[in-house]
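*Asks:*
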Amino acid sequence: MTENLTTRDVFQQFDARLSRVETDLRELRAEMNRRFDQVSERFDQLIDYFNGRLDQQKSESDSRFETVDQRFRAVDKRFDAVDKRFDAIDGRIDGLYKILYGVLISIAGMAVTMALGVAGLWFKM
Numbered sequence: 117m118t119e120n121l122t123t124r125d126v127f128q129q130f131d132a133r134l135s136r137v138e139t140d141l142r143e144l145r146a147e148m149n150r151r152f153d154q155v156s157e158r159f160d161q162l163i164d165y166f167n168g169r170l171d172q173q174k175s176e177s178d179s180r181f182e183t184v185d186q187r188f189r190a191v192d193k194r195f196d197a198v199d200k201r202f203d204a205i206d207g208r209i210d211g212l213y214k215i216l217y218g219v220l221i222s223i224a225g226m227a228v229t230m231a232l233g234v235a236g237l238w239f240k241m
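Heads up, the final residue of the sequence shown is numbered 241 in my numbering, and it's a clean run with no missing numbers.
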């Protein structure tokens, strides 16, 4: 069956087919946009979830670090107290050292004086 188609009929069929292709492409684009929107929404949900988890982890680690920092501060205060005690003891020991050094110098001076006196008596004899 051969059809006698005119140029007008060919262009009308071509226009109809082109319209269907255009409609199909628009539907495909709409479907693709819908799916991309779904994927984008899921990614946004994941990002929100991970940001929430990140904030939770940061707050937990901050509280842990705060606890550790408080413990270090307490230990630092103890070391400061011990350091003050050692400084006080060092001051006392330094004072005792100076007193004993003075006493030893005095005794050494008396011993030298006595030795010179004995030597002087010895040589006079």
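Quick reminder that beta carbons are idealized off the backbone N, C-alpha and C, glycines included.
Enumerate in chain order the residues of its own chain whose CB-to-CB distance from residue 188 is below 7 angstroms, with the five nearest sequence positions on each side excluded.
*Replies:* For residue 188, where only same-chain residues beyond five positions count, there are no Cβ hits under 7 angstroms.
*Asks:* Terminal residues of the continuous alpha helix (DSSP H) containing residue 149?
*Replies:* Its alpha helix (DSSP H) spans residues 123-240.
*Asks:* Note down the Cα distance separating residue 117 from residue 123, rounded to an integer number of angstroms.
*Replies:* Bear in mind that a pLDDT of 44 at residue 117, under 50, signals an unreliable position, so the number given afterwards is only what the model happens to contain. The alpha-carbon atoms of residue 117 and residue 123 are separated by roughly 18 angstroms.
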